[in-house]
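First up is the structure itself, then whatever we jot down about it.
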Amino acid sequence: MARGEILRKLFHSFSRNEREEFYAAAMELIEEEKSKNHTLLARDLEKILHNGNGHAKSLASNLIPWHQFPEVPKDKETGLPLIEVKQFDLTWDHIVLSEKNFDLLQEVVLENRKQEILEAYGLKPKTKLLFCGPPGCGKTQTAKVISSVLGLPLAYINLTAVFSSYLGETATNLQKIFDYIEKGEWVVLFDEFDAIARDRDTPNEHGEVKRLVNSLLQLIDNAEGSSLFIAATNHESLLDNAIWRRFDEVLLFDKPTLELRTSLFIRYLSAIRYPGIDLSVFATQVEGATGADIERICIDAMKAVILRGDQTLTSDDLEVAVGRYLARQRIISDSTDFSTMSKNGGSV
């Protein structure tokens with residue numbers, strides 16, 4: 001195919017947000033460069049298209065202009081929006097994941113890109129994911145990255161607005177959310193999912209919560225369209241038993257291993273020089289730290305460098321930042337022990 005025609009296809013598909021057509025045209029252009037023995041250019045283009053790691057990245061993310069999104073529903077009582085539509089320009093490089101979670105999410109993304117092919121065989125992609133694990137381990141960030149690599153806007157469910165003081169209005173708000181989602185294709189994030197999916201058999205749980213969970217289950221079962229649903233919770237033990245089987249995949253975002261902690265240090269310090277520093281040494285010192293903890297450590301260390309007018313990070317900078325983190329953790333641990341002792345009737 002003539003180069004001009006390939007470029008026309010490339011631009012047309014981009015402007016129409018036709019992800020598969022864009023990818024196909026980009027691959028045609030790469031193959032043409034290969035045929036001309038422009039090996040380095042072809043390799044660079046292919047690396048960019050595949051996000052530099054051999055896994056296909058989506059087209060430019062979130063191509064739909066803001067004014068084309070339908071107006072989001074609002075809570076009747078407060079007037080607060082029930083959904084926040086957000087756009088991100090992120091890649092897999094913006095998150096550090098375990099190999100197991102990364103491979104699984106790559107599989108989910110591929111299935112959702114190839115929906116039409118699967119449907120031709122009577123199959124459907126995985127469209128419902130449950131993210132579990134401690135806070136600060138990347139659940140929300142991963143949802144943002146997935147929305148970017150799929151080229152879809154993120155519909156963030158505002159649980160603060162969902163709950164209403166009016167009897168039955170919370171379930172109505174949930175219905176509004178699912179009705180809105182049907183109007184388009186999104187990555188839908190229900191953060192702090194345990195707040196609306198609590199175990200109905202919990203002692204003293206009032207009837208409104210039970211009715212809310214029943215409504216949620218029905219809405220999930222009847223949901224149609226091509227959106228990808230992600231529910232995230234820090235308290236998976238609180239979820240109703242019936243919730244689990246509604247999800248195609250359940251991913252545990254646990255506290256990072258030594259290898260992942262080292263990778264997190266590398267990622268968060270990528271904007272500054274740190275010659276001769278073995279980051280694995282510092283990663284060893286912060287066993288039990290989350291990704292958010294390591295980000296805070298790195299930010300503190302970089303601030304120290306910037307504020308003294310320097311451009312190079314030293315081991316002393318990291319030692320001070322790590323020491324501050326460890327002191328913070330001791331305060332939190334002591335506070336937790338004090339609280340537990342008080343609840344158990346112990347002397348303090």
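First residue of the sequence shown? That's 1 in the numbering used here, and the numbers climb one at a time after it. For each residue, glycine too, the CB sits at the ideal point set by N, CA and C.
Could you tell me the alpha carbon to alpha carbon distance between Ala304 and Glu236, rounded to whole angstroms?
Start at 1 with the first residue of the sequence shown, and residue 304 comes out as number 304. Start at 1 with the first residue of the sequence shown, and residue 236 comes out as number 236. So the two alpha carbons sit approximately 38 Å from each other.
Taking Thr170 and Phe163 to be in contact with their CB atoms under 8 Å, please state how far apart those CB atoms are, rounded to whole angstroms.
Stepping through the sequence shown from its first residue, residue 170 is reached at position 170. Stepping through the sequence shown from its first residue, residue 163 is reached at position 163. With a Cβ gap of about 5 Å, Thr170 and Phe163 count as contacting.
For Leu152, the three-state DSSP class (helix, strand or coil):
As a working mapping, residue 152 is identified with position 152 in the sequence shown. If DSSP states are grouped into helix, strand and coil, Leu152 belongs with coil.
Could you check the C-alpha separation between Asn234 and Phe131 for me, to the nearest Å?
One-based indexing of the sequence shown puts residue 234 at position 234. One-based indexing of the sequence shown puts residue 131 at position 131. Going from the Cα of Asn234 to the Cα of Phe131 covers about 9 Å.
Classify Leu29 as buried or exposed, calling it buried when 16 or more other Cβ atoms lie within 10 Å of its own Cβ.
On the sequence shown, position 29 is the one that residue 29 refers to. Buried, since its Cβ has 16 or more Cβ neighbours within 10 Å.
Within 8 Å, do at least three Cβ pairs link the segment 209-228 to the segment 180-196?
yes
Count the other C-beta atoms from every protein chain shown that fall within 10 angstroms of the C-beta of Glu77, then say buried if there are 16 or more, exposed otherwise.
Here residue 77 refers to the residue found at position 77 when the sequence shown is read from its first residue. With fewer than 16 other Cβ atoms within 10 Å, it is exposed.
Is the segment 258-266 touching the segment 210-219 in the sense that three or more CB pairs, one from each, lie closer than 8 Å?
no
Could you say if the segment 245-255 and the segment 264-281 meet the contact criterion of at least three C-beta pairs nearer than 8 Å?
no
As assigned by DSSP and simplified to three states, the class of Glu71:
Numbered from 1 along the sequence shown, position 71 holds the residue referred to as residue 71. Coil, per DSSP.
Using only CA atoms, which one of Phe229, Glu71, Thr140, Lys210 lies nearest to His94?
Locating residue 94 in the sequence shown gives position 94, where the first residue counts as 1. Per the Cα distances, Thr140.
Quick check on the burial criterion: 16 or more other C-beta atoms within 10 angstroms. Buried or exposed for Leu351?
The structure shown does not extend to residue 351, since the chain spans only 1 to 348, so no value can be given for it.
Taking only the alpha-carbon atoms, compute the straight-line gap between Asp317 and Ala26 and give it to the nearest angstrom.
As a first step, residue 317 must be located in the sequence shown, where it is residue number 317. As a first step, residue 26 must be located in the sequence shown, where it is residue number 26. Computed Cα separation, rounded: 45 Å.
Which of helix, strand or coil DSSP assigns to Val358
Residue numbering for the chain in the displayed model covers 1 to 348; residue 358 lies beyond these limits and cannot be assessed.
Helix, strand or coil: which one does DSSP assign to Val286?
Here the question's residue 286 lines up with position 286 in the sequence shown. Of the three classes helix, strand and coil, the one that applies to Val286 here is coil, per DSSP.
Could you compute how far the alpha carbon of Gly52 sits from the alpha carbon of Ala143?
Along the sequence shown, read from residue 1 onward, the residue named residue 52 stands at position 52. Along the sequence shown, read from residue 1 onward, the residue named residue 143 stands at position 143. Confidence at Gly52 is low in this model, with a pLDDT of 45, below 50, so its placement is unreliable and the value that follows should be read with caution. Distance between the alpha carbons of Gly52 and Ala143: 20 Å.
In the segment 216-246, which residue ranges form an unbroken alpha helix (DSSP H) of at least 4 residues, counting only runs that do not cross its ends?
241-244
Does DSSP put Leu258 in a helix, in a strand, or in coil?
Mapped onto the sequence shown, residue 258 falls at position 258. Looking at Leu258 - three-state DSSP - the assignment turns out to be helix.
With distances taken between CB atoms, is the gap from Glu33 to Ala24 smaller than 7 Å?
Translated into the one-based positions of the sequence shown, residue 33 becomes position 33. Translated into the one-based positions of the sequence shown, residue 24 becomes position 24. Going by C-beta atoms, Glu33 is not nearer than 7 Å to Ala24.
Pairwise C-alpha distance: Asp199 and Asn241:
Here residue 241 refers to the residue found at position 241 when the sequence shown is read from its first residue. Here residue 199 refers to the residue found at position 199 when the sequence shown is read from its first residue. Going by the C-alpha atoms only, they are around 7 Å apart.
Which two residues bound the contiguous alpha helix (DSSP H) that contains Gly11?
To locate residue 11, count along the sequence shown from 1; it is residue 11. What sits at residue 11 in the sequence shown is Phe, not Gly. Note, Phe11: alpha helix (DSSP H), 3-15.
Gly136 burial status per 10 Å Cβ neighbour count (16 or more: buried)
Reading the sequence shown from its first residue, position 136 is the one you call residue 136. Buried, since its Cβ has 16 or more Cβ neighbours within 10 Å.
Exposed or buried, which one is Pro125 when buried takes at least 16 other CB atoms within 10 Å?
Here residue 125 refers to the residue found at position 125 when the sequence shown is read from its first residue. Pro125 is buried by the Cβ-count criterion.
Ile272 (DSSP reduced to helix, strand or coil)
Position 272 of the sequence shown, counting from 1, holds the residue named residue 272. Coil, per DSSP.
From this set, Phe22, Phe229, Ser15, which residue's C-alpha is nearest Ile6's C-alpha?
Counting from one through the sequence shown, the residue named residue 6 turns up at place 6. For the residues Phe22, Phe229, Ser15, the minimum Cα distance to Ile6 belongs to Phe22.
Counted within 10 angstroms of its Cβ, other Cβ atoms place Asp75 as buried (16 or more) or exposed
Locating residue 75 in the sequence shown gives position 75, counting from the first residue. Per the 10 Å Cβ criterion, buried.
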